[in-house]
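Undergrad: I'd like to ask some things about the structure below.
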Amino acid sequence: MPESAQRSSAATRQRILQAAMIRFARHPYEDARLRDIAADADIDVAMVHRAFGSKEQLFVEVVRAAFQARTSIEEQTDPPEQAFAREIFDPLLDRTFGRVDPMDIVVQSLSSAQAAPILRDFILEDVIGPIAARTADVQRDAGKPALTSEAIEERAALAAACMTGIVLFRQVLKIDLVGDDRRERLEPLIRAVLSAALHPET
C-alpha cells in the first residue's frame with residue numbers, strides 16, 4: 001500500500017475510533033449502532049466494517065484506546081500503590097483523544113450481555129495482569145519473599161476492585177466524601193489501602 005494510502009487509512013481509523021468512543025460514552029452498548037458511528041465520522045458504514053471487522057472488535061479497541069491501562073501501568077516508576085493513589089485524583093479523560101471520561105463507557109456498558117464480557121477480558125488482561133506483573137517486580141527488587149502467581153493476581157484484582165469503586169464514587173456518583181477537596185487526607189489513606197491489598201506484610 002502506498003504511504004499516502006496508509007496515512008489516509010490510519011486517519012480514517014482514528015476518526016472512526018474517536019466517533020465510536022464518544023458514541024459508546026453517551027449511549028448504551030446496544031444503542032451505539034455502527035451506522036450512527038459512521039455518520040458521526042462522516043464516512044460510509046462499510047469503512048467501519050473494513051477497519052474494525054465488527055462492533056465487538058471496535059468496542060475492544062475503544063476501551064483499550066480510552067484507558068491505555070497496560071501502557072500506563074507498565075510505564076509507572078513509583079510503586080503501584082503510590083502511582084494509583086495519585087492518579088485517582090487526576091482528571092480522568094481518555095488517553096487517546098482527551099475527549100471523554102472512560103468510566104462513562106464502562107457505566108453505559110455494564111448491563112450489556114455483549115459488552116460486559118469484553119470489559120471483563122479487558123480488566124483481566126490489561127489491568128489485573130499488568131498490576132500483578134508490576135507488583136511482582138517491585139517485591140522482587142525489594143528482596144521480599146516471592147508470592148505465587150495466583151496470590152499476586154488475587155491481590156492485583158483486589159486492588160483493581162478498590163480503585164474502580166473509588167473512581168465510580170468520584171466520577172459517576174459524585175460522592176463528596178471522596179472529592180478533590182479531600183485529596184490531602186484521602187490520598188495517603190488510599191495508598192495504604194492499596195498497599196495492604198498488594199503487599200502481604202502490610
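107 is the number that the UniProt record's numbering gives to position 107 of the sequence shown; each next residue is one higher, with no gaps.
Virtual Cβ for every residue (Gly too), placed ideally from N, Cα, C.
Quick caveat, the model's predicted, so the values are computed rather than measured.
1) Give every residue of the same chain whose Cβ lies closer than 8 Å to the Cβ of residue 49, excluding the five residues on either side of it in the sequence, and list them in chain order.
2) When you compare only the Cα positions, how much space is there between residue 198 and residue 41?
3) How is the alpha helix (DSSP H) around residue 45 delimited, first residue to last?
4) What's the gap between the Cα of residue 116 and the Cα of residue 190?
5) Of the choices 152, 126 and 157, whose alpha-carbon is the least far from that of residue 61?
6) Whole angstroms is fine: what's the gap from residue 167's alpha carbon to residue 59's?
7) What number of angstroms, rounded off, separates the C-alpha of residue 103 from the C-alpha of residue 149?
8) How many whole angstroms separate the CB atoms of residue 64 and residue 122, which I take to be in contact at a CB cut-off of 8 Å?
9) Consult DSSP for residue 22 and reduce its assignment to one of helix, strand or coil.
10) Taking residue 95 as the reference, which of 31, 71, 139 and 20 has the closest Cα?
11) Taking all protein chains shown into account, do 16 or more other C-beta atoms lie within 10 angstroms of the C-beta of residue 17, making it buried, or fewer, making it exposed?
12) Within 10 angstroms of the Cβ of residue 202, are there 16 or more other Cβ atoms? Answer buried if so, exposed if not.
13) Does DSSP put residue 111 in a helix, a strand or coil?
14) Quick one, are the C-beta atoms of residue 45 and residue 51 less than 8 Å apart?
15) Could you have a look at residue 153 and say whether DSSP puts it in helix, strand or coil?
TA: With the structure as the only source:
1) 34
2) 42 Å
3) 45-52
4) 27 Å
5) 126
6) 21 Å
7) 29 Å
8) Yes, residue 64 and residue 122 are in contact; Cβ-Cβ is about 7 Å, under 8 Å.
9) Here residue 22 sits in helix by DSSP.
10) 71
11) buried
12) Per-residue confidence for residue 202 stands at a pLDDT of 47, beneath the threshold of 50, marking its modelled position as unreliable; no derived number is given.
13) coil
14) The answer is no: Cβ separation not under 8 Å.
15) Residue 153: helix per DSSP, three-state reduction.
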